[in-house]
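2 protein chains.
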Amino acid sequence: MFNDFKLVAETPVYVQVKNYIKRLMMQGALQAGQRLPSTRELAELLGVSRGSIIAAYEALTDEGLAYAVTGKGSFVAEMSTPGAHAIPAWRMNWHERMNRQARLSVELDHMKRNQPGLRAKKGTILFTSIAPDEQLFDLENVKRAFLDRMAVEGRVLLNYGYAKGYKPLIDYLLKYMEHKGVDLTGKDMLITSGFTEGLDIVLSAIGRDGGAGGRMLCENPTHQTAIKNLRRHGFEITGIPMEPDGLDLAALERELQTQSFDGAFLVPSYHNPTGIVTSAEKRLALLELLGRYRVPVIEDGFNEELRYTGSHVAPLIAMAGQGNGVVYLGSFSKVLFPGIRVGWVLADRELIEVLESVKRARSIHTSTLDQSLLYQYLLNGNLEKYLKRARAEYRRKYEWTKACCERDVPYARLSGSGGLHLFLEFPDGFDTWELLELCADQGVLFTPGDMFFVDEGGRNTMRIGFSRVSEEDIEKGIRVIGAAAAKLLEAVKEWDLNNG
Amino acid sequence: MFNDFKLVAETPVYVQVKNYIKRLMMQGALQAGQRLPSTRELAELLGVSRGSIIAAYEALTDEGLAYAVTGKGSFVAEMSTPGAHAIPAWRMNWHERMNRQARLSVELDHMKRNQPGLRAKKGTILFTSIAPDEQLFDLENVKRAFLDRMAVEGRVLLNYGYAKGYKPLIDYLLKYMEHKGVDLTGKDMLITSGFTEGLDIVLSAIGRDGGAGGRMLCENPTHQTAIKNLRRHGFEITGIPMEPDGLDLAALERELQTQSFDGAFLVPSYHNPTGIVTSAEKRLALLELLGRYRVPVIEDGFNEELRYTGSHVAPLIAMAGQGNGVVYLGSFSKVLFPGIRVGWVLADRELIEVLESVKRARSIHTSTLDQSLLYQYLLNGNLEKYLKRARAEYRRKYEWTKACCERDVPYARLSGSGGLHLFLEFPDGFDTWELLELCADQGVLFTPGDMFFVDEGGRNTMRIGFSRVSEEDIEKGIRVIGAAAAKLLEAVKEWDLNNG
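Here it is in structure tokens:
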């Protein structure tokens, strides 16, 4: 005994000794009533100071695991160690106990299945990510924001906060949204743990009473996370095809005439995956049309800040004026730091009041630390500085990626006028999964587009995320994609000639 | 125009100027094509430096809201401001659109209704909270942990993490649970945004297929949050009465014989609200019994660390050995910092794999900042130091509260052998809501116990949370409660004499 103790760095020695002895107790190697070695003796055995042993014994006593007898030393306390009792270890089949929503969560978990990035070896060029480039992060300003805020109200930040969110942040973001042209009359805000929680909370609350499930509209293709969560929540999805300036209004109206819907999930700016920005005219027509059929809009403000060219377009919730039919989901995850999980829902005040209760039931509130750090970071004027740098950097990459695609993949139609990705559409019959096979062999991965489609479509499309790829690798990777695509197109043409 | 500009502290001046002009644009006070004042002119009008105006104009140009014409100055860009278009503002009735779960979330939201604390005036003695006393928080160690971790891997922490959690924290907590005697074979861990999210995720995944709703067992009384979430998720609740050493096993067995259950939610240590610690013998009997009926256990590790007296008792998941029937929910929120939203689910590996997908769908992952800060704080050995102080402090308050109750409220049966609260049970017929009325008038609030009951019971019980009340106020408050109770008991006795 006592011969397998190993010290590690950072953690205080006495804590390590305490945990070591605790483990011996739990394993039954040290039994109740047994005398522990003297502090001098154990210090020698473990090769640590006597002070550490004394502190460790004190800590064990504190936890009720040992007791001291004056003049006699420390003893192992009576305790209900699991080892001391024989319990029939019963096993259950958890898979049988999982319900539909849980099973769907696994089935639709793209990170676990169909994720090309999973196969990445070192040196692979990864066009699969649209996470921000962490080299851009201004750590010093983040640290400053943290310390500033801790100095102002550290104790408050570490205790319970409010389900609705951290008040100074809410006030700041309300102003921020007002600057985007939103009329705040009758509206309110709920802070969530990122965009995704916001969407999940909204979807969990709307419609679908009486079992059979509701119906939702969305652009087709759209956001994977949105498709997944719409399905998980039991919504039937009706996808509306995209045109270069936003979704096909005629197709939308046909659907609205035949069925009723609980809502429409829309990504009007730098749409994921197509990168399309819905035009101002179409936004107005959309709002008018959905309003006529009383279908509320769930607007994803995704990447709104990552505009490189073109004029300013107001979000739908701004265009709706004092109307209460738009629920806006915002987040700085893609433009600032995804590790800080803060998003917001801006909507009708009565709706926010309900969602606040849902949020409280689900997770009490979003981390006050994250919220207050973000608030102070914004207050210190860092967003503007950061966006200036980030926009310049991403814009360069965006233009470079576009130029490379135009040169090396002329067979595909490009879309995307901002954000962190481009979308490629090949001729019908082309299969981007086959293309991925070829490219993966040469160390280049991207995201096949069918993952973003709510139906069987999109086999001939793909998304290229460039945010985390160097310019050198962008050029190299796209050349590989172009050459592989040429080879595949040749094969398709030949097949057509022989069979068509 | 330009006469209602007001500077505030902290935010850079140019950002304030930019936002000010943006607002004028959004309001339509500045129109597309209009020339903005020269930088010199505006600097004078607003009383700020010319450099700030130049930076503000640049930022507006960056955002696509303005454009510069060489030699002529800056102009307002063409944009789709909401003010420029007339849209019929349509309004919907959101309440009609809310589903059962959302409505239940509001209805069961104790923070919004029935919360005695809501009526608190300044100077009120609040026994309603069981949040930690923030005067105990060791801010310096929290700051140190943050800066240490940022120095090691700041960029990684701010980018996306993993749904399962921050690996170093998981490894640390697995060891931590092993030290509590848990056999980790076949088990795994998911990090959640606090205990509550853990519970909500587990409940969202188990049983209730085919609509009609499942059934759950729990101690009666129990945790408000648990009752709320069991109901929200559509479970019928069967409460088992408590005895001084844990729930009534005979009553439990009777229920198990008559119905099947999807699970049992149990709080074996410092049970909320009764403060009861289930004895080691009862824990074993419980596990054996539930195992026989194949009912999985959801164990709330609540306050396990806040043990003041008595011997160490292993959690149920430790006693279950290699069995996989116990799902353990842990958190340091009550012992450390609630503002940092980190909890964990320790359970069968296959179950964790499913819950990981659910977590990803709901919120991608828990704040990496919170997780890494907590990890570094633990690694630095602060938990032990903090617990030593916190235990001493809370124990003193606990004993003081107990002594005051024994002296001044001798009519009530006391329970609670640790944690941050005591539970009082008055004779049948006594109504603690009436007591609260009397006490509130004298500036003392507590939590009536019926809130914790799954049935109509508990009108004669109450919870006293002492963690955030000074010793002076504890004595004063309990004297008020005692005197008011005496008055009420007198009235009850009289009524009995006249009517009994």
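Quick note, the sequences are listed as chains A and B, same order.
Residues 193 to 692 (our numbering) are what the first sequence spells out, left to right.
Residues 193 to 692 (our numbering) are what the second sequence spells out, left to right.
All residues carry an ideal CB built from backbone N, CA and C; glycine is no exception.
- Annotation for B/Pro433: the continuous beta strand (DSSP E) segment containing it runs 428–435.
- The segment 523–543 of chain B makes no contact with the segment 489–496 of chain A; the number of CB pairs closer than 8 Å stays below 3.
- Bounds of the alpha helix (DSSP H) holding B/Ile509 are 508–511.
- At a cut-off of 8 Å, the C-beta of A/His287 has a neighbouring C-beta in chain B.
- DSSP places B/Tyr352 outside any alpha helix (DSSP H), giving it a letter other than H or E.
- DSSP places B/Ala251 in the uninterrupted alpha helix (DSSP H) bounded by 242–254.
- Burial check for B/Gln568: the Cβ neighbour count within 10 Å reaches 16 or more, so the residue is buried.
- Distance from A/Lys214 to A/Leu252 at the Cβ level is roughly 7 Å; contact confirmed, criterion being Cβ atoms closer than 8 Å.
- Runs of the alpha helix (DSSP H) spanning 4 or more residues and lying entirely within the segment 495–583 of chain A occur at 508–511, 541–555, 560–571, in chain order.
- Taken in chain order, the complete beta strand (DSSP E) segments of 3 or more residues contained in the segment 589–668 of chain B are 605–607, 613–617, 653–657.
- Using a Cβ-Cβ cut-off of 8 Å, B/Pro324 counts as an interface residue toward chain A, since at least one Cβ of chain A sits closer than that to its own.
- By the C-beta density criterion, B/Gly641 is buried, having at least 16 other C-beta atoms within 10 angstroms.
- Judged by DSSP in its simplified three-state form, A/Ala676 adopts helix.
- Listed along the chain, the chain A residues whose CB falls inside 9 Å of the CB of B/Ala251 are Glu576, Leu579, Lys580.
- Among the residues of chain B, those whose CB is under 7 Å from the CB of A/Pro204 are Gly573, following chain order.
- Listed by position along chain B, the residues whose Cβ is nearer than 7 Å to that of A/Glu542 are Trp286, His287.
- Looking at the DSSP output, A/Gly467 bridges to nothing.
- Residue state for A/Ser461 is assigned as coil, using DSSP reduced to three classes.
- The secondary-structure analysis by DSSP pairs B/Arg227 across a beta bridge with B/Phe267.
- Straight across, the Cα-Cα distance linking A/Val209 with A/Lys379 is about 56 Å.
- Comparing alpha carbon positions, the residue from B/Leu612, B/Glu648, B/Gly256, B/Thr653 closest to B/Leu627 is B/Thr653.
- When Cβ-Cβ separations below 8 Å define contact, A/Gln226 makes no contact with chain B.
- Looking at the DSSP output, B/Tyr259 shares a beta bridge with B/Phe267.
- Residue pairing by DSSP places A/Leu318 opposite A/Leu637 in a beta bridge.
- CA-CA distance, B/Ile246 to A/Asp375, rounds to 28 Å.
- Secondary structure of A/Lys359 (DSSP, three-state): helix.
- Annotated as distal: A/Pro460 and A/Leu409, with beta-carbon spacing of 8 Å or more.
- Under the three-state reduction of DSSP output, B/Met193 falls in the coil class, being neither helix nor strand.
- Here A/Ile419 is not bridged, per DSSP, to any residue.
- For A/Thr450, the enclosing alpha helix (DSSP H) begins and ends at 441–450.
- The C-beta of A/Asp392 has 16 or more other C-beta atoms within 10 Å across all chains shown, which makes the residue buried.
- Interface with chain A (8 Å Cβ-Cβ cutoff): B/Asp688 is excluded.
- Excluding sequence positions up to five before and after A/Leu481, its CB lies within less than 8 Å of the CB of Leu441, Leu444, Glu445, Leu448, all in the same chain and listed in chain order.
- DSSP, reduced to helix, strand and coil, places B/Asn333 within a helical segment of the structure shown.
- Cβ proximity to chain A below 7 Å picks out Ser385, Gly386, Thr388, Glu389, Asp392, Ser396, Ala397, Ile398, Gly399, Arg400, Asp401 from the segment 379–401 of chain B.
- Taking one beta carbon from each stretch, the segment 345–355 of chain B and the segment 320–328 of chain B have fewer than 3 pairs nearer than 8 Å; the two do not touch.
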